[in-house]
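If you're matching positions, the sequence shown starts at 6 in our numbering and goes up one per residue. This report concerns only the one structure given below.
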Amino acid sequence: MSESIPIGADHAGFPLKERLKAELAALGFDPVDVGTHSTDSTDYPDYAHVVADKVARGEVKRAVLLCGTGLGMSYAANRHHGVRAAVAWSPEVAKLAREHNDANVLVLPARFVSEEQGLEILKTWLATPFEGGRHERRVAKIEVEKP
Ligand code: RB5
Numbered sequence: 006m007s008e009s010i011p012i013g014a015d016h017a018g019f020p021l022k023e024r025l026k027a028e029l030a031a032l033g034f035d036p037v038d039v040g041t042h043s044t045d046s047t048d049y050p051d052y053a054h055v056v057a058d059k060v061a062r063g064e065v066k067r068a069v070l071l072c073g074t075g076l077g078m079s080y081a082a083n084r085h086h087g088v089r090a091a092v093a094w095s096p097e098v099a100k101l102a103r104e105h106n107d108a109n110v111l112v113l114p115a116r117f118v119s120e121e122q123g124l125e126i127l128k129t130w131l132a133t134p135f136e137g138g139r140h141e142r143r144v145a146k147i148e149v150e151k152p
């Protein structure tokens, strides 16, 4: 069975979401599109919470969010226990977000990356494993409250 990867965006992230969704399917994943479905103005937390809740509950291992800067989506997603949502603006940052921070939600700043950059960031994040070791201890120290 292919891995489900929820993907959500607000109006600023909608066009790039469509492209990344197609790429996820082409790579053999099962993208679960939680919206938005147009460039009509909408509120990013509505999508961040739906996606982050799936990760927090363990329904999925990882997920993708997009908004203009990536910031609003990451703020909202990171409110959920166990969610480590990383804004990545380059493949290098995406790689380190996996290797060092075990990022389980990738957040794209859609107004600041091209379609090609967005695709490279997604592919790098998907393909990079967590390094563990000393990073395991640091990641464990992130949580401040238990569920
Ligand atoms: C929408 O205009 C914009 O505020 C939103 O996409 C995002 O950048 C918020 O953090």
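Built from N, CA and C at the ideal position, the CB exists for glycine as well. All of these numbers come straight from a predicted model, not from anything done at the bench.
- Message: For the ligand RB5, I want to know if Asp15 counts as a neighbour, meaning its beta carbon is within less than 7 Å of at least one of the ligand's heavy atoms.
- Response: Sequence index remark: in the sequence shown, residue 15 carries index 10 (1-based). Asp15 Cβ: within cutoff of the ligand RB5.
- Task: Measure the Cβ-Cβ separation of Asn109 and Arg89 and say whether it is below 8 Å.
- Result: The sequence position of residue 109 within the sequence shown is 104, counting from 1. The sequence position of residue 89 within the sequence shown is 84, counting from 1. For Asn109 and Arg89, yes; Cβs fall inside 8 Å.
- Answer with buried or exposed for Ser79, where buried requires no fewer than 16 other C-beta atoms within 10 angstroms of its C-beta. Residue numbering aside, residue 79 sits at position 74 when the sequence shown is read from its first letter. Its Cβ being crowded by 16 or more others within 10 Å, Ser79 is buried.
- Query: How should Ala45 be labelled, buried or exposed, when 16 other C-beta atoms within 10 angstroms of its C-beta is the threshold for buried?
  - Reply: Locating residue 45 in the sequence shown gives position 40, counting from the first residue. Note that residue 45 corresponds to Asp in the displayed sequence, not to Ala. By the Cβ neighbour-count rule, Asp45 is exposed, with fewer than 16 other Cβ atoms within 10 Å of its own.
- Query: What beta strand (DSSP E) runs, 3 residues minimum, are completely inside the region 30 to 72?
  - Reply: As far as the region 30 to 72 is concerned, its whole beta strand (DSSP E) runs of at least 3 residues are 35 to 38 and 68 to 72.
- Message: Taking 6 Å as the limit between beta carbons, can you name the residues of its chain near Ser9, skipping five residues before and five after?
- Response: Numbered from 1 along the sequence shown, position 4 holds the residue referred to as residue 9. Within the same chain, Ser9 has close Cβ partners Asp35, Val37 and Val65.
- Item | Proximity to Ile12 [Cα-Cα], best of Ser95, Trp94 and Tyr52 | Within the sequence shown, numbered from 1, the residue matching residue 12 stands at position 7. Nearest C-alpha to Ile12: Tyr52.
- Message: Please identify the residue among His105, Pro114 and Gly77 whose C-alpha is closest to the C-alpha of Ser95.
- Response: Translated into the one-based positions of the sequence shown, residue 95 becomes position 90. Of His105, Pro114 and Gly77, the residue nearest in Cα terms is Pro114.
- Item | Opening and closing residue of the beta strand (DSSP E) in which Ser79 lies | The sequence position of residue 79 within the sequence shown is 74, counting from 1. For Ser79, no beta strand (DSSP E) encloses it; the enclosing alpha helix (DSSP H) starts and ends at Leu76 to Ala82.
- Message: Only counting the same chain, and skipping five residues up and downstream in sequence, which positions put a Cβ closer than 6 Å to that of Lys59?
- Response: Reading the sequence shown from its first residue, position 54 is the one you call residue 59. So the list reads Pro11 and Val65, once near-sequence residues are dropped.
- Message: On the DSSP bridge list, what partners appear for Pro114?
- Response: Translated into the one-based positions of the sequence shown, residue 114 becomes position 109. Bridge partners of Pro114: Cys72.
- Message: Does the beta-carbon of Gly40, which I'm using as the reference point, lie nearer than 7 Å to any heavy atom of the ligand RB5?
- Response: Locating residue 40 in the sequence shown gives position 35, where the first residue counts as 1. Checking every heavy atom of the ligand RB5 against the Cβ of Gly40, none is found closer than 7 Å.
- Query: Say the cut is 7 Å; is the CB of Tyr49 nearer than that to a heavy atom of the ligand RB5?
  - Reply: Taking the sequence shown and counting its residues from 1, the one referred to as residue 49 is at position 44. Annotation for Tyr49 indicates a beta carbon within 7 Å of some heavy atom of the ligand RB5.
- With a CB to CB cut of under 6 Å and the five nearest residues on each side skipped, what residues in its chain are close to Ala102? Translated into positions along the sequence shown, residue 102 becomes position 97. Non-local C-beta neighbours of Ala102 in its own chain, meaning closer than 6 Å and more than five positions away in sequence, comprise Ala91, Ala93 and Ala108, ordered along the chain.
- Item | Run of the beta strand (DSSP E) containing Ile12, from where it starts to where it stops | Counting from 1 along the sequence shown, the entry for residue 12 is found at position 7. Ile12 -> beta strand (DSSP E) spans Ser9 to Ala14.
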